[in-house]
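Novice:
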Amino acid sequence: MKKVLVTGANGFLGQHLTCYLKSEGYNVVATGKGACRIQNPDTINYEEVELTDKAAVEQMLLKHSFDVIIHNAALSKPDECENNKNECLNINVESTRYLLQAAGVHFIYISTDFIFGENGPHAEDAETGPLNFYGESKLRAERLVIETSDRYTIVRPVFIYGHAGEGMRPTFLHWVKTSLEQQKQIKVVSDQIRTPTFAEDICKGISTIIATEVTGVFNLAGKDILSPYDMAVKTAEILQLDSSLIHEVTAETFAEPVRRAKRSGLKIEKAQRQLNYSPVNFEEGVRLTFGISAVK
Ligand SMILES: NC(=O)c1ccc[n+]([C@@H]2O[C@H](COP(=O)([O-])OP(=O)(O)OC[C@H]3O[C@@H](n4cnc5c(N)ncnc54)[C@H](OP(=O)(O)O)[C@@H]3O)[C@@H](O)[C@H]2O)c1
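Following the numbering used here, the numbering of the sequence shown begins with 111 at its first residue and continues without gaps.
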């Protein structure tokens with residue numbers, strides 16, 4: 111079975127990817143910062159690797175002979191990227207450069223819809239135009255991958271959600287659930303649209319990419335176009351929580367340091383056609399996230 115490196119394995123998608131690919135029988139080496147935070151760490155082949163340390167990355171690449179590298183680690187919070195541009199470039203671009211030194215691997219790079227501006231949902235070949243530094247750094251990393259690797263696949267998810275076990279950071283949906291359970295009033299924007307992606311769908315898509323060795327760029331997003339407000343209300347309905355606590359606001363309500371697209375999201379027809387990618391709809395995704403069975 112192929113030997114697969116997952117970087118950023120302590121992160122939200124990284125934990126999902128590590129566990130999913132392991133369950134598929136791949137020989138997964140998971141790397142992250144600090145100690146392993148994945149559940150049942152004894153069962154995970156985990157190594158601590160600081161990806162901005164070129165020598166540490168080279169040492170890891172020398173030690174292992176990977177068939178596949180999934181470069182998932184990133185400084186993923188747009189606000190942090192805007193306020194720490196050098197750190198952002200080091201993590202999001204330079205670490206990619208170091209990992210690209212691995213010879214003969216299938217390089218899978220996890221990118222984002224933030225490489226685009228307005229007028230989404232976007233197809234794979236739409237014109238790029240990031241609105242913030244996070245998006246700019248991910249676009250620079252994409253370009254580096256395209257220039258350097260002769261066998262790469264770029265995967266672009268959007269607004270990832272899914273089950274969050276112990277040690278995983280909570281997602282937007284978990285914030286909605288916890289707030290409503292505590293009877294808190296919450297303000298959620300309704301003038302931004304996204305195509306929220308269920309984490310396990312990305313894992314399935316990537317598993318297909320590894321197995322078929324398909325190269326190129328693929329949007330792996332959800333099939334529904336929703337605003338965060340729509341997502342919050344649907345989540346409340348499915349969890350039978352009080353949706354009147356959710357207040358619809360515009361993005362201008364929050365003084366955010368970072369510009370975000372109003373109309374984002376990604377089109378998934380290419381992945382549906384070429385990878386048989388078949389994501390769940392948002393309601394199914396919410397049920398699976400919180401382990402709620404469908405009403406018959
Ligand atoms: N979340 C989304 O909605 C979304 C949407 C589209 C694309 N993406 C992309 O998907 C990928 C995963 O996102 P995520 O939400 O799962 O992010 P996340 O939870 O923040 O995970 C990223 C991981 O990268 C690790 N990392 C950061 N700097 C590192 C370094 N210098 N050396 C080693 N590891 C480092 C972090 O370590 P620590 O945990 O120790 O900080 C973290 O565990 C990212 O590439 C992101 O750009 C995410």
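All residues carry an ideal CB built from backbone N, CA and C; glycine is no exception. Computed from a prediction, not measured in an experiment: that's the story for all the values here.
(1) Under the assumption that Leu398 contacts Leu351 (Cβ atoms under 8 Å), give the Cβ distance between them as a whole number of angstroms.
(2) Under DSSP, the alpha helix (DSSP H) around Glu394 begins and ends at which residues?
(3) Enumerate in chain order the residues of its own chain whose CB-to-CB distance from Gly395 is below 6 Å, with the five nearest sequence positions on each side excluded.
(4) Name, in chain order, the residues that DSSP records as bridge partners for Thr141.
(5) Given 7 Å as the limit, tell me if Arg279 has its C-beta closer than that to any heavy atom belonging to ligand 1.
(6) Tell me where the beta strand (DSSP E) around Tyr262 begins and ends.
(7) How long is the line joining the alpha carbons of Val299 and Ala361, rounded to whole angstroms?
(8) My guess is that Phe226 and Asn242 are in contact by the Cβ rule of under 8 Å, so how many angstroms apart are they, rounded?
(9) In the region 272 to 316, which residue ranges form an unbroken alpha helix (DSSP H) of at least 4 residues, counting only runs that do not cross its ends?
(10) With Phe217 and Val255 assumed to form a contact (beta carbons below 8 Å), what rounded beta-carbon distance in angstroms separates them?
(11) Flag Glu310 as yes when its Cβ comes closer than 7 Å to any non-hydrogen atom of ligand 2, and as no otherwise.
(12) Does DSSP classify Tyr219 as helix, strand or coil?
(13) Short check: CB of Thr126 to CB of Gly272, under 8 Å?
(14) In its own chain, which residues sit with a C-beta less than 6 Å from the C-beta of Asn200, not counting the 5 before and 5 after it?
(15) Distance, Cα to Cα, Glu158 vs Gly375?
(16) Ordered along the chain, which non-local residues of its own chain (more than five positions away) have a Cβ less than 7 Å from that of His284?
(17) Which residues mark the beginning and the end of the alpha helix (DSSP H) in which Leu254 is found?
(18) Whole angstroms are fine: how far does the CA of Ser221 sit from the CA of Leu249?
(19) Give the C-beta separation of Val265 and Ile316 to the nearest angstrom, bearing in mind that I take them to be a contact with Cβ-Cβ under 8 Å.
(20) Just mark Lys333 as buried or exposed, buried being the case when its beta carbon has 16 or more other beta carbons within 10 Å.
(21) Touching or not, the region 196 to 211 and the region 128 to 145, by the rule of three or more beta carbon pairs under 8 Å?
(22) Tell me the DSSP secondary structure of Gly329 in three-state form.
(23) Going by DSSP in three states, Arg207 sits in which element: helix, strand or coil?
(24) Could you give the distance in angstroms between the alpha-carbon of Tyr244 and the alpha-carbon of Gln211?
(25) Tell me which same chain residues have a C-beta within less than 8 Å of the C-beta of Ser354, skipping the five on either side of it?
Specialist: Considering the structure as presented:
(1) Mapped onto the sequence shown, residue 398 falls at position 288. Mapped onto the sequence shown, residue 351 falls at position 241. 18 Å between Cβ atoms; not a contact.
(2) On the sequence shown, position 284 is the one that residue 394 refers to. Note, Glu394: alpha helix (DSSP H), 392 to 400.
(3) Along the sequence shown, one-based indexing puts residue 395 at 285. These residues qualify, in order along the chain: Phe308.
(4) Working through the sequence shown from its first residue, we reach residue 141 at position 31. Per DSSP, Glu157.
(5) As a first step, residue 279 is located in the sequence shown; it is residue number 169 there, counting from the start. Yes, Cβ of Arg279 sits closer than 7 Å to a heavy atom of ligand 1.
(6) Residue 262 sits at position 152 when you count from the first residue of the sequence shown. Residues 262 to 266.
(7) Counted from its first residue, the sequence shown places residue 299 at position 189. Counted from its first residue, the sequence shown places residue 361 at position 251. Rounded to whole angstroms, Val299 to Ala361 spans 6 Å at the Cα level.
(8) Locating residue 226 in the sequence shown gives position 116, counting from the first residue. Locating residue 242 in the sequence shown gives position 132, counting from the first residue. Not confirmed; about 12 Å, so no contact.
(9) 282 to 291
(10) Start at 1 with the first residue of the sequence shown, and residue 217 comes out as number 107. Start at 1 with the first residue of the sequence shown, and residue 255 comes out as number 145. That belief holds up - the Cβ atoms of Phe217 and Val255 are roughly 6 Å apart, short of 8 Å.
(11) Ligand 2 is not part of the structure shown, which contains ligand 1 as its ligands.
(12) Your numbering for residue 219 matches position 109 in the sequence shown. If DSSP states are grouped into helix, strand and coil, Tyr219 belongs with the strands.
(13) Position 16 of the sequence shown holds residue 126. Position 162 of the sequence shown holds residue 272. For the sequence presented, residue 126 should be read as His rather than Thr. Against a cut-off of 8 Å, the Cβ pair of Gly272 and His126 comes out as a contact.
(14) Along the sequence shown, one-based indexing puts residue 200 at 90. Only Thr162 meet the Cβ criterion.
(15) The sequence position of residue 158 within the sequence shown is 48, counting from 1. The sequence position of residue 375 within the sequence shown is 265, counting from 1. Between Glu158 and Gly375, the C-alpha separation is close to 33 Å.
(16) Against the sequence shown, residue 284 aligns to sequence position 174. Excluding positions up to five away in sequence, the list reads Ala274.
(17) Within the sequence shown, residue 254 is the residue found at index 144, counting from 1. Run containing Leu254: 243 to 258, per the alpha helix (DSSP H) assignment.
(18) Locating residue 249 in the sequence shown gives position 139, counting from the first residue. Locating residue 221 in the sequence shown gives position 111, counting from the first residue. Near 8 Å, if we compare the C-alpha coordinates of Ser221 and Leu249.
(19) As a first step, residue 265 is located in the sequence shown; it is residue number 155 there, counting from the start. As a first step, residue 316 is located in the sequence shown; it is residue number 206 there, counting from the start. With a contact defined as Cβ atoms closer than 8 Å, Val265 and Ile316 qualify at about 6 Å.
(20) The residue given as residue 333 occupies position 223 in the sequence shown. The residue in question, Lys333, is buried, as its Cβ has 16 or more Cβ neighbours within 10 Å.
(21) no
(22) Residue mapping note: residue 329 aligns to position 219 of the sequence shown, counting from 1. Correcting the residue type first, residue 329 is Asn in the shown sequence and not Gly. If DSSP states are grouped into helix, strand and coil, Asn329 belongs with the strands.
(23) Sequence index remark: in the sequence shown, residue 207 carries index 97 (1-based). Helix.
(24) In the sequence shown, counting from the first residue as 1, residue 244 sits at position 134. In the sequence shown, counting from the first residue as 1, residue 211 sits at position 101. So the two alpha carbons sit approximately 23 Å from each other.
(25) As a position in the sequence shown, residue 354 is number 244, starting the count at 1. The answer is none, since no qualifying residue turns up.
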